[in-house]
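Beneath this line is the structure, given in structure tokens, with notes to follow.
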Amino acid sequence: MSNDISELSGSVERVIFKSPDNGFSVISLKVNKTESIIARGYFADLHQGAHVTLQGTWIFHQKFGRQFQAQSSVAKPPSSIEGIQKYLASGLIKGIGPKYAEKLVEKFGDRTLDIIDQEPNRLFEVRGVGPGRVQLIIDAWQEQKEISKVMVFLRSKDVSATFAVKIFKTYGQASIEKIQENPYRLVDDIWGVGFKSADQIALKIGLPSDSIERVKAGILFVLSEATSNGHLYKLVQESKDAVFQLLGIDADVCADLLKRALHSLYMQDKVKLISHNDEHYLSLPQFYYSEMGIAKKMERLLSTQTRSLNFDVDLIYQSIRNPDARGVELNEDQQRGILTCVQNKVSIITGGPGTGKTTMIKRLIQALETFNVRFRLAAPTGRAAKRMFESTGRSTETLHRLLEFTPTTMGFARNEENALDLDYLIVDESSMIDVFLMHSVLKAMPHNASLVMIGDVDQLPSVGAGNVLNDLIESGKIEVVRLTQIFRQAQDSMIIVNAHRVNKGEFPESPKPGSKRDFAFVKQQEPEELFPLLRTIFLKKFPQLGIHPDDAIVLTPMNRGTAGTMRLNQELQMILNPVNDEAKQMMQFGTLFKVNDRVMQIRNNYDKFVFNGDIGSIIDINRVDQKVIVRFGERDHEYDFAEMNELSLAYAISIHKSQGSEFKAVIIPLFMQHFMLLQRNLIYTAITRAKNLCILVGQSKAVAMGIKNDKGVERKTFLKQFLTSDLQAR
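According to the numbering used here, the sequence shown holds residues 104 to 833 in order.
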């Protein structure tokens, strides 16, 4: 193909693909009445019907053939009646869909856009367009003009305009002014905007590459990145090296600059410094104060006498030695667990699947009820709370509901000044609790109440930062009971048997004669072979077994790659939700969403009271009003199109995100492309998510490698030291 620069003009027929990361797009461009071409490049926000002029070169794509590679683009509203109608019908302006677009163009012809912009009151002349709709269109048009200014500004700095809507909704008409004032504020204020984008803007508007403000922002970002991997602290030297690499500045030349930046942040209490075993660590204050707060609150709880409860420990002991009404007997570990819970202020019960944690909780609850003890049950997530309710038959709530989160204050109503009214708090799935949530729980605990934490410490640690359950156990300050005996009925399940084999470092076994056929290992060498297998399993095998696709999920170690969540979700969407109705689907942030899609919330949204890891389904998409309705459990929540980067498709999710959940059927692909993340507790966690059927798919070598790796990633935390020594920041 020629390298000569060519120019093309035409109208956008449709946006085929758009990357959420950098704005790279593939569009179908109608260049004349009979011809359309495929163009690719980094475009400003384009909509169907818009007229665009592109400059670039022709290329030949091996798979898709002849395409136009755009190096620059200039878009302007269409001028033809047909183009205007398509432009307005595309969903660009909230309140205008295909029906209203047709009515407006029928009334005003090629002056429609001018009327909306300059004489909006004339919209009342259109039959069937009421005052509410007119005001919605006027507001949306003005908002779109302001958003366009932000887009143009971002594109002038070679930054993707993807987040222009969110930026405008956050800063309003002061958007450009606030960005110019401090571009790095975008990282904290606009979820999804990364440091590199903010840094690019900062450099473009003239901030010197060796400015102290840039270095300070780099330090804070490096520490924040460490927490995204679960660490609360990072070695000072590692932090320095990461900052030099991130900012592309010379370590020798800028050593003094970095020292001054660190000192400035320290004096502003924006970083904390901890020295331990002759090594020096940095932390963000909120993480240090949360972990130190856990230690202090835990010490206070342990040292305070319990409220005078009418417990008869001997009577409880005699009771739990006998079978319950159904003839279920407790083993010695379970009995010891109950006695530990009624005799101590804080107790931890840990054990794997089939070891009787649920049975023990139920008998503990019966004992508390016998003596009229006020207790409440809670879990970190909605799914975990639902499982606890189903297993105990007692009211259970999420920790956020228990602590009465209030969006207006972005905090919990229950705290030191307004403690929970209870004698016992029993928390399930405690391995999922991060430092912020644990600190909040302890702040809300009455000093004379008791806390029971139940969980499986061998699972992956919390998605959020910290390693709370493990650190509490390792401190030796808390009474811990480990349930290790697998009950006879659980031994019939190969899911449970193999979960424990993996946890002991052994390869999973095939089903034995007489055991349930609830576990299978399908050997595959190539990740690409996975997709036809998934089609067979979901469309043929599951129906034969009476398993609905909504009760099954694919759990994978990674997000990227052939066997990562992104590719798997695209393939599974085509298998399980193949309907293509343009009126009931939308492309946003590089993801195609359709009505009936299963989706997952990927950040905490306190306004909606929907949290990271919650799974729901799309029940409606309104392209006219740019709204999506998502049902989580029994509650419906409304999302603006601009908020859709808070959701991801959830036919396949990462194993980390599956914590606290349980599915009838689980498919786990494991290939050598996952080798960076393959570890024993990851595979163990994935297997334990399956209730009725677990299918392991992939390479034996990859499975064996993961099971052998029992090291995992050791999170850098100091909770254990805070509980056992006088260590503190200086």
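Cβ atoms here follow ideal geometry from the backbone N, Cα and C, with glycine treated the same way.
Nothing here was measured: the structure is a model prediction, and the numbers come from that model.
(request) Could you work out which residue in I141, L830, V702 is closest to V713 when comparing CA atoms only? (result) In this structure, V702 is the residue among I141, L830, V702 with its C-alpha nearest to the C-alpha of V713.
(message) One question on the structure: do R792 and V806 come within less than 8 Å of each other, judged by their Cβ atoms?
(response) The answer is no: Cβ separation not under 8 Å.
(message) Across the segment 189–208 and the segment 155–165, are there enough close Cβ pairs to call them in contact, namely three or more that are closer than 8 Å?
(response) A contact between stretches requires three or more CB pairs, one per stretch, nearer than 8 Å, and the segment 189–208 fails this requirement with the segment 155–165.
(request) Whole angstroms is fine: what's the gap from N285's alpha carbon to A305's? (result) Straight-line Cα distance between these residues: approximately 8 Å.
(message) If distances are taken between C-alpha atoms only, which option among L289, G617, I557, S450 comes closest to G763?
(response) For the residues L289, G617, I557, S450, the minimum Cα distance to G763 belongs to I557.
(message) Pop quiz: I650 and K767 are said to be a contact at Cβ under 8 Å. What is the actual Cβ separation, rounded to whole angstroms?
(response) Confirmed, Cβ separation roughly 6 Å.
(request) State the start and end residues of the unbroken beta strand (DSSP E) segment that holds I576. (result) Not the beta strand (DSSP E): I576 falls in the alpha helix (DSSP H), residues 571–578.
(request) Under the assumption that I108 contacts G159 (Cβ atoms under 8 Å), give the Cβ distance between them as a whole number of angstroms. (result) Rounded, the Cβ-Cβ distance is 7 Å, consistent with contact.
(request) Compute the Euclidean distance between the alpha carbons of K626 and Q802, then round it to the nearest angstrom. (result) Answer to the nearest angstrom: the Cα atoms are 6 Å apart.
(message) Using a 10 Å radius around the Cβ and a threshold of 16 neighbouring Cβ atoms, would you call L480 buried or exposed?
(response) With 16 or more other Cβ atoms within 10 Å, it is buried.
(message) Can you tell me whether G440 is buried or exposed? The criterion is at least 16 other CB atoms within 10 Å of its CB, across all chains shown.
(response) The residue is buried, with at least 16 neighbouring Cβ atoms inside 10 Å.
(request) List the whole-angstrom C-beta distance separating F696 from Q688, where the pair is believed to meet the contact cut-off of C-beta under 8 Å. (result) Distance from F696 to Q688 at the Cβ level is roughly 6 Å; contact confirmed, criterion being Cβ atoms closer than 8 Å.
(request) Within the same chain, show all residues whose beta-carbon is closer than 6 Å to that of K465, passing over the 5 residues directly before and after it, in chain order. (result) Cβ within range, chain order: T495.
(message) For I529, tell me which candidate among D561, P564, M491, F744 has the shortest Cα-Cα distance.
(response) Selected option, being the one with the closest Cα: M491.
(request) Would you mind stating whether D436 and L586 have Cβ atoms separated by less than 8 Å? (result) Yes, these two residues count as a Cβ contact at 8 Å.
(request) Have a look at E341 and E382 and give me their C-alpha separation to the nearest angstrom. (result) Distance between the alpha carbons of E341 and E382: 11 Å.
(request) Under 8 Å by Cβ, that's how I've got L563 and P660 pegged, so tell me the actual separation to the nearest angstrom. (result) Not quite, the Cβ-Cβ distance comes to about 11 Å (not below 8 Å), so this is no contact.
(request) Compute the Euclidean distance between the alpha carbons of E116 and G144, then round it to the nearest angstrom. (result) Linking E116 to G144 through their CA atoms gives a straight-line distance of about 16 Å.
(message) Looking at F645: is its Cβ nearer than 8 Å to the Cβ of P652?
(response) Yes, the pair counts as a contact, with Cβ atoms nearer than the cut-off.
(message) Counting C-beta neighbours from all protein chains within 10 Å, is the total for D417 16 or more, i.e. buried, or is it exposed?
(response) Exposed.
(message) In this structure, how does DSSP classify L132 when only helix, strand and coil are distinguished?
(response) In the structure shown, L132 sits in a strand (DSSP, three-state: E or B).
(message) Only counting the same chain, and skipping five residues up and downstream in sequence, which positions put a Cβ closer than 6 Å to that of L350?
(response) Here the set comprises G321.
(request) Tell me whether K643 is buried or exposed, calling it buried when 16 or more other Cβ atoms sit within 10 Å of its Cβ. (result) The residue in question, K643, is exposed, as its Cβ has fewer than 16 Cβ neighbours within 10 Å.
(message) So, with DSSP's three-state summary, where would you put K260?
(response) Secondary structure of K260 (DSSP, three-state): coil.
(request) Taking only runs that begin and end inside the segment 416–471, name each unbroken beta strand (DSSP E) of 3 or more residues, in chain order. (result) Taken in chain order, the unbroken stretches of beta strand (DSSP E) that lie wholly in the segment 416–471 and span 3 residues or more are 449–454.
(request) Kindly provide the ranges of any alpha helix (DSSP H) runs that are 4 or more residues long and lie completely inside the segment 499–532, ordered along the chain. (result) As far as the segment 499–532 is concerned, its whole alpha helix (DSSP H) runs of at least 4 residues are 502–505.
(request) Compute the Euclidean distance between the alpha carbons of Q283 and A655, then round it to the nearest angstrom. (result) Taking C-alpha positions only, Q283 is separated from A655 by approximately 48 Å.
(request) Indicate the three-state DSSP secondary structure (helix, strand or coil) for H154 in the structure shown. (result) DSSP places H154 in strand when its eight states are reduced to three.
(message) So for W294, helix, strand or coil by DSSP?
(response) Correct three-state label for W294: coil.
(message) Can you confirm whether the segment 772–781 touches the segment 736–753 when touching is taken to mean that 3 or more C-beta pairs between the two stretches lie within less than 8 Å?
(response) No, the segment 736–753 is not in contact with the segment 772–781.
(message) Am I right that D313 and I352 are in contact with their C-beta atoms under 8 Å? What's the rounded C-beta distance?
(response) Rounded, the Cβ-Cβ distance is 6 Å, consistent with contact.
(request) Tell me whether R818 sits in a helix, a strand or coil according to DSSP, three-state version. (result) It is coil, neither helix nor strand.
(message) Buried or exposed for Q647, going by 16 or more other Cβ atoms inside 10 Å?
(response) The residue in question, Q647, is exposed, as its Cβ has fewer than 16 Cβ neighbours within 10 Å.
(request) Using DSSP bridges, identify the partner residues of Y145. (result) Bridge partners of Y145: F127.
(message) Can you tell me whether K607 is buried or exposed? The criterion is at least 16 other CB atoms within 10 Å of its CB, across all chains shown.
(response) An exposed status is given to K607, since fewer than 16 other beta-carbon atoms sit within 10 Å of its beta-carbon.
(message) Rounded to whole angstroms, what is the Cα-Cα separation between G333 and G152?
(response) Answer to the nearest angstrom: the Cα atoms are 46 Å apart.
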